[in-house]
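**Q** Encoded as structure tokens, here's the structure I'll be asking about.
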Amino acid sequence: MELFPYQLEGVNFLTKRKRALLADDMGLGKTPQAICAAKELGLKKITVVCPSVAKYNWQKEFKRFAGLPAFVYETKEAAPACDIVIASFDAVRLYPERFSRDLDLLIIDEGHFLKSPLAKRTQCVLGKNGLLHKSRYTWALTGTPAPNHAGELWIWLFCFGYTKLSYTQFIGRYCRTINHGPRLGNRVQIMGSNTATTPELKEILKKFSLRRLKSEVLDLPPVSYNIFYVKDDKNFKPPPELKEKLEKELARLEELTGFSVGQELSDDKLLNVLHMMSQSVSSLRRYHALKKVAPAIELISNELREKQYEKILIFGIHSDVLAMVYEGLKEFGACLVTGATPSSERFALQEKFQNDKNLRVFIGNIQAAGTNLTLTASSEVVFIEQDWVPGNNKQASDRSNRYGQTRRVNVRNLCISDSIDEKIVEALTRKLREISTFISAALYFFKPQSYFRITQKAESYFAFVEERIGHQ
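Under this note's numbering, the first residue of the sequence shown carries the number 122, and numbering increases by one thereafter.
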């Protein structure tokens, strides 16, 4: 896999530091930078500690970017003989003795999970008997190194050896605080960062941390299309009415496509067959989408809670799938648009999503919400399920990538690892990239004066183009 120039810079940064914090903005590819840096250094014994929902995505990324197998730790049983082990924060917290081996590299993904110095998982990873002290290299990755105030950086500066201040001394210097006095136990409340000492803190951070924002990375395409792999839950039980239909659909699908997990099948053959029999495999598609609801809610909830972005668009097909996602995320402020939503209400929800900071999640059916709406308040898009027609998926994701969008749009397609869902999602994502490349190339050949004249009337023109591409 090719890396962007800024990612190569990140690889170079990591290879020169035994303790480092890679704090790139979300969607800039911190995972491949860490994997490629490890490969360049020839590091063998690697442990990745990450949120549970991200374990299988790390496994796939090691295969994609380094061609290396990785073991995903699921139970308290000892891991087999595998150099690369991927475990959740909870696994390390519950079974620290299982991770006592000496390491070449410890990678801490979503490092903000360890911002509380007294938490047990922080102690197991960064404490005096933690994984940090068993590893030659330790790299922490997070897009939100200090989401609330500078005090959340103390854990990294102290553990990586860049400050000798205690936590209390650190927040006293780099944060604004209020002491509530003896009546409230002299409790100290952090009100924010101390702007007077911020330049000093930035100079210290430069020694071991690297952060780039999407707005600063000029060599990126306007939209990135990525796959995020989640675990296939073997214990998931489909609704009773689905079970019999699933068996018939899988048998018919294998008969028509010759599909089996691990077998190579061309994108065109797979997608053409599935499109032709889209009604007769609707239960199969719904089944896989239902299995992705729980990891999707876990993933997005973590990101919203940590303020990795302000707003997000979520697309799918089946009403029960979208309703479950809505229920799981409504605490963050969510709205839902399906075929049953009147047109007038759809545009009212569009305006509210665009202007109300408390409405952070827009959930939509691809057909009902995939055209006409402008949803540029978010640059993050997630597909729980996709349409068989790649052009329809592009139209949906382009609700974010429209006139007025000033940020790079990050599109993630959720995928169940090692299943037919993986084959379908990978094929659709490749087609989505092809369509995007084609459109970008076509627009390049407009004469400048014509192009700017068109952009002045862009809404009607591009709505027409999107409709044609989506149906031909």
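Every residue, glycine too, gets a C-beta built ideally from N, C-alpha and C.
Alpha carbon to alpha carbon, how far is residue 542 from residue 518?
**A** Reading the sequence shown from its first residue, position 421 is the one you call residue 542. Reading the sequence shown from its first residue, position 397 is the one you call residue 518. Rounded to the nearest angstrom, the two C-alpha atoms are 20 Å apart.
**Q** Using DSSP's beta-bridge definition, name the partner residues of residue 216.
**A** Residue numbering aside, residue 216 sits at position 95 when the sequence shown is read from its first letter. DSSP lists no partner for residue 216.
**Q** Give every residue of the same chain whose Cβ lies closer than 8 Å to the Cβ of residue 457, excluding the five residues on either side of it in the sequence, and list them in chain order.
**A** By one-based count along the sequence shown, residue 457 stands at place 336. Excluding positions up to five away in sequence, the list reads 443, 444, 447, 484 and 485.
**Q** Would you be able to state if there are at least three C-beta pairs under 8 Å between the segment 232-249 and the segment 209-220?
**A** The segment 209-220 is in contact with the segment 232-249.
**Q** Buried or exposed: which applies to residue 347, given that a residue is buried once 16 or more other Cβ atoms fall within 10 Å of its Cβ?
**A** Along the sequence shown, one-based indexing puts residue 347 at 226. Residue 347 comes out exposed.
**Q** If the criterion is Cβ atoms closer than 8 Å, does the pair residue 500 and residue 526 meet it?
**A** Looking up residue 500 in the sequence shown gives position 379. Looking up residue 526 in the sequence shown gives position 405. Contact flag set, yes.
**Q** Using C-beta distances below 7 Å, list every residue in its chain close to residue 521, excluding the 5 sequence neighbours before and after it, in chain order.
**A** Mapped onto the sequence shown, residue 521 falls at position 400. Excluding sequence neighbours, residue 521 sits near 434, 496, 497, 499, 500, 502 and 530.
**Q** So, helix, strand or coil for residue 464, using DSSP?
**A** Translated into the one-based positions of the sequence shown, residue 464 becomes position 343. Of the three classes helix, strand and coil, the one that applies to residue 464 here is helix, per DSSP.
**Q** Which of the three DSSP states, helix, strand or coil, is assigned to residue 521?
**A** Here residue 521 is taken as the residue at index 400 of the sequence shown, counted from 1. Correct three-state label for residue 521: coil.
**Q** Taking the alpha carbon of residue 149 as the point to measure from, which residue in 135, 172 and 333 has its own alpha carbon closest?
**A** Within the sequence shown, residue 149 is the residue found at index 28, counting from 1. Measuring from the Cα of residue 149, the nearest candidate turns out to be 333.
**Q** Ends of the beta strand (DSSP E) at residue 279?
**A** Your numbering for residue 279 matches position 158 in the sequence shown. Segment 275-280 is the alpha helix (DSSP H) holding residue 279; no beta strand (DSSP E) there.
**Q** Can you list, in chain order, the residues of its chain whose CB lies under 7 Å from that of residue 281, leaving out five sequence neighbours each side?
**A** Along the sequence shown, one-based indexing puts residue 281 at 160. Cβ within range, chain order: 140 and 329.
**Q** Rounding to the nearest angstrom, what Cα-Cα distance links residue 135 and residue 283 in this structure?
**A** Taking the sequence shown and counting its residues from 1, one reaches residue 135 at position 14. Taking the sequence shown and counting its residues from 1, one reaches residue 283 at position 162. Straight-line Cα distance between these residues: approximately 17 Å.
**Q** Would you grab the beta carbon distance between residue 453 and residue 481 for me? Rounded to a whole angstrom, and I think it's under 8 Å.
**A** The residue you call residue 453 lines up with position 332 of the sequence shown. The residue you call residue 481 lines up with position 360 of the sequence shown. Yes, residue 453 and residue 481 are in contact; Cβ-Cβ is about 5 Å, under 8 Å.
**Q** Can you tell me whether residue 423 is helix, strand or coil according to DSSP?
**A** One-based indexing of the sequence shown puts residue 423 at position 302. Reduced to three states, the DSSP call for residue 423 is helix.
**Q** Mind pulling the alpha helix (DSSP H) runs of 4 or more residues that sit fully within the segment 150-187?
**A** Fully enclosed alpha helix (DSSP H) runs of 4 or longer: 151-162 and 176-187.
**Q** What residue range does the alpha helix (DSSP H) around residue 325 cover?
**A** Against the sequence shown, residue 325 aligns to sequence position 204. Residue 325 -> alpha helix (DSSP H) spans 319-326.
**Q** Would a C-beta distance cut-off of 8 Å place residue 291 and residue 272 closer than the cut-off?
**A** In the sequence shown, residue 291 corresponds to position 170, counting from 1. In the sequence shown, residue 272 corresponds to position 151, counting from 1. Result yes, Cβ atoms of residue 291 and residue 272 sit closer than 8 Å.
**Q** Below 8 Å on the Cβ atoms is my guess for residue 157 versus residue 132; work out the distance and round it to an integer in Å.
**A** On the sequence shown, residue 157 is found 36 positions in, with the first residue counted as 1. On the sequence shown, residue 132 is found 11 positions in, with the first residue counted as 1. 5 Å between Cβ atoms; contact.
**Q** Could you give the distance in angstroms between the alpha-carbon of residue 129 and the alpha-carbon of residue 216?
**A** Within the sequence shown, the letter at position 8 stands for residue 129. Within the sequence shown, the letter at position 95 stands for residue 216. When rounded, the distance between both Cα atoms is 36 Å.
**Q** Between residue 205 and residue 183, how many whole angstroms is the CB-CB distance? I'm expecting something under 8 Å.
**A** By one-based count along the sequence shown, residue 205 stands at place 84. By one-based count along the sequence shown, residue 183 stands at place 62. That pair is a contact at about 6 Å.
**Q** Among 450, 413, 247 and 218, which residue has its Cα nearest to the Cα of residue 228?
**A** Counting from 1 along the sequence shown, the entry for residue 228 is found at position 107. For residue 228, the nearest C-alpha among the options comes from 247.
**Q** Leaving out five residues on either side along the sequence, give the residues of the same chain with a beta carbon under 7 Å from the beta carbon of residue 318.
**A** Mapped onto the sequence shown, residue 318 falls at position 197. Taken in chain order, the residues that qualify are 294 and 295.
**Q** Just reading off the beta strand (DSSP E) that residue 445 is part of, what are its end residues?
**A** Here residue 445 refers to the residue found at position 324 of the sequence shown. Counting along the chain, residue 445 falls outside any beta strand (DSSP E), though it belongs to the alpha helix (DSSP H) covering 440-450.
**Q** Going by beta-carbon coordinates alone, are residue 411 and residue 144 separated by less than 8 Å?
**A** Here residue 411 is taken as the residue at index 290 of the sequence shown, counted from 1. Here residue 144 is taken as the residue at index 23 of the sequence shown, counted from 1. Result no, Cβ atoms of residue 411 and residue 144 do not sit closer than 8 Å.
**Q** Out of 536, 256, 142 and 423, which one is the CA nearest neighbour of residue 408?
**A** Your numbering for residue 408 matches position 287 in the sequence shown. Minimum Cα distance to residue 408 is reached at 536.
**Q** With a threshold of 16 other CB atoms inside 10 Å of the CB of residue 188, please say whether the residue is buried or exposed.
**A** One-based indexing of the sequence shown puts residue 188 at position 67. Flag for residue 188 reads exposed.
**Q** With which residues is residue 300 paired in a DSSP beta bridge?
**A** Locating residue 300 in the sequence shown gives position 179, where the first residue counts as 1. The partner list for residue 300 (beta bridge, DSSP) reads 309.
**Q** Could you tell me the boundaries of the beta strand (DSSP E) in which residue 456 lies?
**A** In the sequence shown, residue 456 corresponds to position 335, counting from 1. From DSSP, the beta strand (DSSP E) with residue 456 extends over 455-458.
**Q** Who are residue 256's beta bridge partners in DSSP?
**A** Start at 1 with the first residue of the sequence shown, and residue 256 comes out as number 135. Residue 256 is bridged to 224.
**Q** Whose C-beta lies closer than 6 Å to the C-beta of residue 261 among residues of the same chain, with five residues either side of it excluded?
**A** Taking the first residue of the sequence shown as 1, we reach residue 261 at position 140. Around residue 261: 142, 229 and 232.
**Q** Over what stretch of residues does the beta strand (DSSP E) that includes residue 207 continue unbroken?
**A** Numbered from its first residue, the sequence shown carries residue 207 at position 86. 205-209 is the extent of the beta strand (DSSP E) around residue 207.
**Q** Along the chain, where does the alpha helix (DSSP H) that runs through residue 291 open and close?
**A** Mapped onto the sequence shown, residue 291 falls at position 170. Segment 288-295, the alpha helix (DSSP H) holding residue 291.
**Q** What's the C-alpha gap between residue 344 and residue 218?
**A** Within the sequence shown, the letter at position 223 stands for residue 344. Within the sequence shown, the letter at position 97 stands for residue 218. Going from the Cα of residue 344 to the Cα of residue 218 covers about 43 Å.
**Q** If distances are taken between C-alpha atoms only, which option among 548, 223, 172 and 279 comes closest to residue 427?
**A** The count along the sequence shown starts at 1 and reaches residue 427 at position 306. Here the closest residue by C-alpha is 172.
**Q** Tell me the DSSP secondary structure of residue 494 in three-state form.
**A** What you label residue 494 is simply residue 373 of the sequence shown in a count that begins at 1. Three-state result, residue 494: coil.
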